[in-house]
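Q: Numbering-wise, our numbering puts 141 at position 130 of the sequence shown, and it's gapless, one number per residue.
Glycine residues also receive a C-beta, built at the ideal position from the N, C-alpha and C atoms.
Quick caveat: nothing in here was measured; it's all calculated off a predicted structure.
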Amino acid sequence: MGKVTPDAGARTALISGVTGQDGSYLAELLLGKGYTVHGLVRRSSSFNTERIDHIYQDPHQPGGRSLVLHHADLSDGVALVNLLRELEPDEVYNLGAQSHVRVSFDAPLYTGEVTGLGTLRLLEAIRASGIDTRLYQASSSEMFGAAPPPQNERTPFHPRSPYGCAKVYAYWSTVNYREAYGMFAVNGILFNHESPRRGETFVTRKISRAVARIRAGLQDRLFLGNLNAVRDWGYAPEYVEAMWRMLQRDEPDDYVLATGVPASVRDFLRAAFEAGGLDWHEHVGFDANYERPSEVDALIGDAAKARDLLGWEPAVRWRELAELMVRADIEALDAELSGARVRIDR
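1. When you compare each of Ala-326, Gln-162, Asp-290 to Leu-233 by their alpha carbons, which one comes out closest?
2. So what does Ile-341 bridge to, in DSSP terms?
3. Report the residue from Asn-198, Asp-298, Ala-339 whose alpha carbon sits nearest the alpha carbon of Ala-286.
4. Does the stretch 244 to 253 come within contact of the stretch 321 to 330, defined as at least 3 CB pairs closer than 8 Å?
5. Use the C-beta contact count for Val-89: other C-beta atoms within 10 angstroms, 16 or more gives buried, fewer gives exposed.
6. Pick from Leu-85, Met-336, Val-29: whose alpha carbon is nearest that of Glu-61?
7. Let me confirm a value: Glu-153 is counted as buried when at least 16 other C-beta atoms fall within 10 Å, else exposed. Which label applies?
8. So what's Ile-142 in DSSP terms, helix, strand or just coil?
9. So, with DSSP's three-state summary, where would you put Ser-27?
10. Skipping 5 residues on each side, what residues in its chain have a beta carbon closer than 6 Å to that of Leu-80?
11. Do the stretch 156 to 176 and the stretch 216 to 230 make contact, defined as three or more Cβ pairs closer than 8 Å?
12. Check each candidate in Gly-34, Ser-77, Ser-115 and name the one with the smallest Cα separation from Gly-107.
13. Sort out for me which residues DSSP pairs Ala-149 with in a bridge.
14. Can you give me the start and stop residues for the alpha helix (DSSP H) that Asn-93 sits inside?
15. Leaving out five residues on either side along the sequence, give the residues of the same chain with a beta carbon under 7 Å from the beta carbon of Ala-21.
16. Taking only three categories from DSSP, how would you classify Leu-238?
17. Alpha carbon to alpha carbon, how far is Ala-314 from Asp-18? Give it in angstroms, no decimals.
18. In angstroms with no decimal places, state the Cα-to-Cα distance between Asp-185 and Tyr-301.
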């Protein structure tokens, strides 16, 4: 049985999706452990680094090279090979994806290209570059889809969206490269994990942000789809710690990360509005456009393997999560309205 290394030392990591929720928390974690962190950023004509601005330092300043950003994309395999050969990272974390489940029905080919084939390009780039590195692949509970809960590492996949299908492809590609080429490659099968840095179109953040805006008189109604879907919601900063732990083991393996505590969208909605001193019945309406063509009724994870082998156990459950997200959005909106610069470094 392998052990988790307590001190990483001076190491180098490459993170795709570094500007996302998980990427920003992971970058913070690794920087705190003394890593040099390289992040992939998709080219945009507008600034898209808001989540990591507070940890980025000008490279021209002393000590400003711990977080280095590179313009690259999971659709460009040649660029990935060249970058990996140049950096020779000790660890690679593939968090980049089109990760919105409802959007994947509207853009299925793009989702498959980035979320599915993007992982394969990265795996092949690691193989082709000949570097000795360890890969973390961000897999998803959406792969389980219609499989009955609780779901663990032995539960058969039954995806119910283009996103889930793409993640299944990426999962098995990771397993295949591990078995075919002896690559240290692991899958973290993460159930829903949220934070104040969650994108504003995801249901939890959509709810917490609406609470803040309704309290401030900037909004009166919130429209949602299916309130009966049951999910297992955890706190993102706790989950990135487990990602790191997976790559410190002696042998590569796949792990479910979850709280094991179910809650419906309605439960989360009620808790969030109560945290803001509001009655959700007075402000929430239904919009069929937010429903999925095929729904996933219940995702509830069994993370016993991660607890036993990684020593990982989450502390934040869904109700506390809803409350902290509402507090963060209220504080951020108050600061914005007062003209202060808003930070999202929670």
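A: According to the structure data:
1. On the sequence shown, residue 233 is found 222 positions in, with the first residue counted as 1. Ranking Ala-326, Gln-162, Asp-290 by Cα distance to Leu-233 puts Asp-290 first.
2. Here the question's residue 341 lines up with position 330 in the sequence shown. By DSSP's assignment, Ile-341 forms no beta bridge with any residue.
3. Walking along the sequence shown from the start, residue 286 turns up at place 275. Checked all of Asn-198, Asp-298, Ala-339; the closest Cα to Ala-286 is Ala-339.
4. At 8 Å Cβ cutoff, the stretches touch.
5. In the sequence shown, the residue the question calls residue 89 occupies position 78. Here Val-89 is exposed. Its C-beta has fewer than 16 other C-beta atoms within 10 Å.
6. Indexing the sequence shown from 1 puts residue 61 at position 50. Taking each of Leu-85, Met-336, Val-29 in turn and checking the Cα distance to Glu-61, the smallest one comes out for Val-29.
7. Position 142 of the sequence shown, counted from the first residue, corresponds to residue 153. With 16 or more Cβ atoms within 10 Å of its Cβ, Glu-153 is classed as buried.
8. Taking the first residue of the sequence shown as position 1, residue 142 is located at position 131. Coil at Ile-142, not helix or strand.
9. Counting from 1 along the sequence shown, the entry for residue 27 is found at position 16. Ser-27: strand per DSSP, three-state reduction.
10. Mapped onto the sequence shown, residue 80 falls at position 69. Closer than 6 Å at the Cβ level, and outside the excluded window around Leu-80, lie Gly-50, Val-52.
11. No contact exists between the stretch 156 to 176 and the stretch 216 to 230.
12. Locating residue 107 in the sequence shown gives position 96, counting from the first residue. Comparing Cα-Cα distances from Gly-107 to each of Gly-34, Ser-77, Ser-115, the minimum goes to Gly-34.
13. Position 138 of the sequence shown, counted from the first residue, corresponds to residue 149. Beta-bridge pairing links Ala-149 to Gly-199.
14. Residue mapping note: residue 93 aligns to position 82 of the sequence shown, counting from 1. Its alpha helix (DSSP H) spans residues 88 to 98.
15. By one-based count along the sequence shown, residue 21 stands at place 10. Here the set comprises Gly-45.
16. Looking up residue 238 in the sequence shown gives position 227. Here Leu-238 sits in coil by DSSP.
17. Along the sequence shown, one-based indexing puts residue 18 at 7. Along the sequence shown, one-based indexing puts residue 314 at 303. In this prediction, Asp-18 has a pLDDT of 45, which is less than 50 and means its spatial position is unreliable; what the coordinates show is noted afterwards. Within the model, the alpha-carbon separation for Asp-18 versus Ala-314 is close to 24 Å.
18. In the sequence shown, residue 185 corresponds to position 174, counting from 1. In the sequence shown, residue 301 corresponds to position 290, counting from 1. Correcting the residue identity first, residue 185 is Thr in this sequence and not Asp. Taking the CA atoms as reference points, Thr-185 sits about 32 Å from Tyr-301.
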